[in-house]
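What follows is a set of notes on a single structure, which appears directly below.
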Amino acid sequence: MFVSTLSGLYMAEDLNWAVGGEAGDGINSTGKIFAQALARAGRHVFTSKDFASRIRGGYTAYKVRTSVDKVQSVVDRLDILVALTERTVEENLDELHDGSVVIYDNERTEFSDFEAPEGVTGVPVPLKELAEEAGGAIMRNVVALGAVCGACDFPIENLDEALEKNFGSKGEAIVENNREAARKGAEYVSEEHGDLETLQSYEVETTDSDYVLLNGDEAIGMGAIAAGCRFYSGYPITPATDVMEYLKGRIEQYGGHVVQAEDELSAINMALGAARAGARSMTATSGPGIDLMAETFGLVATSETPLVITNVMRSGPSTGMPTKQEQGDLNAMLYGGHGEIPRFVLAPTTIDECFWKAVEAFNLAEKYQTPVYLTADLSLAVTEQTFSPDTFDMDEVEVDRGKIVDEDEIESWQDEKGRFQPHFPTADGVSPRALPGTDGGVHMSTGLEHNALGRRTEDTDVRVEQVDKRNRKIETAREEEDWSPMEYGEADADTLVISWGSNEGAMIEALDYMESDVRFISVPYIFPRPDLTEAVEEAENVIVVECNANGQFADLIEQDTLTRVQRVNKYNGIRYKADELADEIDAALSNEVQA
Amino acid sequence: MSSDVRFTDFKSDKQPTWCPGCGDFGTMNGMMKALAETGNTPKDTFVVAGIGCSGKIGTYMRSYALHGVHGRALPVGAGAKLANPDLEVMVAGGDGDGYSIGAGHFMHAVRRNVDMTYVVMDNRIYGLTKGQFSPTSREDFETSTSPEGPKQEPVNPLALALAANGGFIAQSFSSDALRHQEIIEEAIEYDGFSLVNTFSPCVTFNDVDTYDYFRDSLVDLGDDEEYDPTDKEQAKDKILDSEKEYMGVLYRDDEKNSYEQSHGVEGNMADIPDGAPEDAMDLVREFY
């Protein structure tokens, strides 16, 4: 197996592969087919599509990191690159290293006098010609995948199932042609380049494990269905649209429905209407949509309606960089909307947790009749990762609908005139909930301040009683629910690193690269959130890592613990890579020492 | 139809705070009577109201109800209906709520065609904020924010609904109690989205579009034996007639499928198991 030759760094026994070209070259589907093939062959996979062009727009790439061990980050290293354009090589010069391989079509005009960078082995393959022999030039990307299999001694059969999955709907003949195209690529490399020493170092081991491959948006959608979400309304927006596309065609099989609304205002209001009718209901959007939904968010909380709002964060403000990573909406979710709005904010840190936090979000929403923000940053949402299928053990999914009352119990929640009291100020703050259709439960709810009956009031005592009652729900949840963070690294290390969202994977891998011992706390709850005072006080250096410019989570930690922290921030639109993050933290620590 | 539900069952014990003489009293009475007459019950009725004088209706009626934010009542109604198609969903709002701040939703609610009844209490003025011009105000109507009149065309809501291929387009007058109730009943029974634009005069801030004006000028299509509301050409002529205003069902399309029918939405989505659905592991296996 291959072990990187980069000096001074420990490396997992991993392979870093990418296919790149122009937008429209079918890069995503080509990359996905290879990722699926690796997963089927019992290898772990971590993909990324968030490549930024260093030159100009139009360039796109799909990167796959794979190992027999779990992989949860990208690194600054590329071992095998399928370059459909010469520019792809230029875009990746920083990541190519001594021993990298570039597979390219030497018959393409632009590659006719191509010379691989120094130390990099160029492997010319006549992709178009071989594709035509197999039945059509359109299959040249599949020839390239076959060539990769040949180069890494990765059994070509592993591609077959992925090809079937991707082309099956087009008929068996097309699938067969693609299989043939892949074989031609593999054979060509074995015959023409089999003696290349560099290729022999890239053998890709297979295992008997069975993995599923999915991204964070899909995990959220699957979690929603598992949790009983039956109504979804949304307005398409990058990068949250995948949630809607996942649900469409699936949720119906469980009695649900997806509505594509005319805008985000409509989306959240439809979801609210469905929730009032008793459905577990969700909308998903990104930053601009969160802004538009802010007014109704206050209504959801004031009318005490259970609702899950998924925010797949992208780079902002305004239109920002719609396809780039950022964790810039923390304050918007924590404070957004006028007035003081009780809420929950959950921020899963891994793709599998996107599933479980979605389940948790629906339970919190109904138990506390409070809106829940469920947020994944772009890197979690569009990244695919392998998991053992029992990571998503459906038997472990619990549905807690909270205080829904039926006709037998309803009388005890009526006032002396027999009127149901949907906002009765109970000790824990949670009132009984009667769904439409329930006899004796007829009531109105409103965004106006109201009394226990849901009727408008400006009575000063009732105002205070209702505000306190709604806030009390959050206090109850703080006591009753588990808001623990995850912990990694050395528990008694002097340095404490704290992060939220998708940085967890990169940070866990960074622990292996770093010079000093580190205690790492990864926080999946923004509000309520765990109290880290003790951990912060115990540490000599505290560093908060996040993908935004101002350190919004660092502000919260400082506020919670009354201690200054160091901030490591990235906001250029690209996620942290494990090795890069290790360097950043080491640098922050050495600055601290100098100061 | 139903013998044991009376319209007063739809009346809450809260006394309306509308100005004495407000058209909204008559509009609401007709809605309650029509709901009872069509066999609905308060427990299976969901009323959605927006913001404005009209928005108070959820308080004065007795049913399940949500009083929402300004202009978004229609999406709330659609969500409730799709989540539980057994509910009778009635959305009420004013001309500001429906044709100004919520105008975007109006067109889409019409073309989406979810089965619900939309009663717009059109008084051609902003009453709750004490007298500013509304999207249906006349071009020369002098108000605090239009001292020389708005100098812009009033909206023709019926024409908007027709342009969006609405299947049920009607207009009523709060003071003509019997006709108003009949029209709402027909709207409730229509299988799809129905618009009833109800002239509901504001006695405090509108001295132009008054009870007298509507009583004298409205032409009741119910009296016209020649008029066929299923004939779109006839409907178009009436709706676009700039000389006269009409009352009655101006257009109905009985061939149209409701959104629920087109999408196979049925069943109460509130009914879910207490864990993941039985075959949920299939969702995981898809990712192999």
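First to last, the sequence lines map onto chains A and B.
Residue 439 in the numbering used here sits at position 439 of the first sequence; the count goes up by one each step and never skips.
Add 595 to a position in the second sequence, counting from 1, and you land on the number used in the numbering used here.
Note that the Cβ used here is the ideal one computed from N, Cα and C, for glycine as well.
Quiz item: Is there at least one Cβ from chain A nearer than 7 Å to residue 664 (chain B)'s Cβ?
Solution: yes
Quiz item: Quick one: what's got a C-beta closer than 7 Å to residue 484 (chain A)'s C-beta in the same chain, skipping five residues either side?
Solution: 530
Practice problem: Give, in chain order, every unbroken run of the alpha helix (DSSP H) that is at least 4 residues long and sits entirely within the stretch 550-577 of chain A. | Solution: 552-561
Quiz item: Going by the C-beta, is residue 38 (chain A) closer than 6 Å to any heavy atom of the ligand FMN?
Solution: Because no ligand of any kind appears in the structure shown, any question about the ligand FMN cannot be addressed here.
Quiz item: Taking Cβ positions, are residue 708 (chain B) and residue 605 (chain B) nearer each other than 7 Å?
Solution: no
Exercise. Just confirm the distance between the C-beta atoms of residue 645 (chain B) and residue 667 (chain B), as a whole number of angstroms; I'd bet it's less than 8 Å.
Key: 7 Å
Quiz item: For residue 856 (chain B), which residues does DSSP report across the bridge?
Solution: Beta-bridge pairing links residue 856 (chain B) to no other residue.
Exercise. Could you give the DSSP three-state label for residue 362 (chain A): helix, strand or coil?
Key: helix
Self-check item: Rounded C-alpha distance that separates residue 328 (chain A) from residue 304 (chain A)
Solution: 27 Å
Exercise. Determine the contact status of residue 660 (chain B) and residue 650 (chain B), defining contact as a CB-CB distance below 7 Å.
Key: no
Quiz item: Can you tell me whether DSSP reads residue 721 (chain B) as helix, strand or coil?
Solution: strand
Self-check item: alpha helix (DSSP H) segment containing residue 409 (chain A), residue limits
Solution: No alpha helix (DSSP H) contains residue 409 (chain A), which DSSP labels as neither H nor E.
Quiz item: Would residue 274 (chain A) count as contacting chain B if we go by Cβ distances under 7 Å?
Solution: yes
Practice problem: Check the Cβ of residue 431 (chain A) against every Cβ in chain B and list those closer than 8 Å, keeping chain order. | Solution: Going along chain B, no residue has its Cβ under 8 Å from residue 431 (chain A), so there is no contact; the nearest lies around 15 Å.
Quiz item: In chain A, which residues lie less than 9 Å from residue 679 (chain B) when you measure between Cβ atoms?
Solution: Those are 274, 277, 278, 279, 435, 436 and 437, listed as they occur along chain A.
Quiz item: How about residue 62 (chain A) and residue 28 (chain A): do their beta carbons lie closer than 7 Å?
Solution: yes
Exercise. Flag residue 254 (chain A) as yes if its beta-carbon sits less than 7 Å from any beta-carbon of chain B, otherwise no.
Key: Yes, because at least one Cβ of chain B sits closer than 7 Å to the Cβ of residue 254 (chain A).
Quiz item: Do you know how far the Cα of residue 447 (chain A) is from the Cα of residue 302 (chain A)?
Solution: Spanning the two alpha carbons is a distance of roughly 5 Å.
Quiz item: Tell me the DSSP bridge mates of residue 792 (chain B)?
Solution: B:715 and B:766
Quiz item: What are the residues that DSSP puts in a beta bridge with residue 606 (chain B)?
Solution: The bridge partners DSSP lists for residue 606 (chain B) are B:656.
Practice problem: Thinking residue 476 (chain A) and residue 430 (chain A) are a contact (beta carbons under 8 Å), I'd like their distance in whole angstroms, please. | Solution: 7 Å
Exercise. Can you say whether residue 242 (chain A) is buried or exposed, counting buried as having 16 or more other CB atoms within 10 angstroms of its CB?
Key: buried
Quiz item: Would you say residue 654 (chain B) reaches chain A, if we count a Cβ-Cβ gap shorter than 7 Å as a contact?
Solution: True, the Cβ-Cβ gap to chain A drops below 7 Å.
Quiz item: Starting from residue 489 (chain A) and walking both ways along the alpha helix (DSSP H), at which residues does that stretch end?
Solution: Looking at the DSSP string, residue 489 (chain A) is not in any alpha helix (DSSP H); the run it does join, the beta strand (DSSP E), is 486-489.
Self-check item: Pair within 7 Å by beta-carbon distance, residue 66 (chain A) and residue 43 (chain A)
Solution: In contact: residue 66 (chain A) and residue 43 (chain A) (Cβ atoms closer than 7 Å).
Quiz prompt | Span separating the alpha-carbon of residue 546 (chain A) from that of residue 185 (chain A) | solution = Taking the straight line from one Cα to the other gives about 42 Å.
Self-check item: Option nearest residue 600 (chain A) by Cα separation, candidates A:32, A:467 and A:437
Solution: Because residue 600 (chain A) is not part of the residues shown, which for chain A are 1 to 595, the question remains open.
Self-check item: Minimum C-alpha distance to residue 626 (chain B) - residue among B:791, B:739, B:828 and B:710
Solution: B:791
Quiz prompt | Identity of the residue in A:36, A:558, A:80 and A:508 nearest residue 579 (chain A) by Cα | solution = A:508
Practice problem: May I ask which residues mark the beginning and end of the alpha helix (DSSP H) holding residue 846 (chain B)? | Solution: Where residue 846 (chain B) is concerned, there is no enclosing alpha helix (DSSP H), although the beta strand (DSSP E) it sits in stretches over 840-847.
Practice problem: Please decide whether residue 392 (chain A) counts as near chain B, where near means a Cβ-Cβ distance under 7 Å. | Solution: Cβ-Cβ to chain B under 7 Å: yes for residue 392 (chain A).
Quiz item: Which residues, in chain order, does the stretch 788-804 of chain B contribute to contact with chain A at a C-beta distance below 9 Å?
Solution: Cβ contacts with chain A come from no residue of the stretch 788-804 of chain B.
Quiz item: So, is residue 211 (chain A) buried or exposed, given that buried needs 16 or more other C-beta atoms within 10 angstroms?
Solution: Sixteen is the threshold: when 16 or more other Cβ atoms of the shown chains lie within 10 Å of the Cβ of residue 211 (chain A), as they do, the residue is buried.
Practice problem: Could you spell out where the alpha helix (DSSP H) holding residue 297 (chain A) opens and where it closes? | Solution: 287-302
Exercise. Using a cut-off of 9 Å between C-beta atoms, extract the partners of residue 699 (chain B) located in chain A.
Key: 262, 263, 265 and 266
Quiz item: Of the choices B:758, B:759, B:760 and B:776, whose alpha-carbon is the least far from that of residue 766 (chain B)?
Solution: B:776
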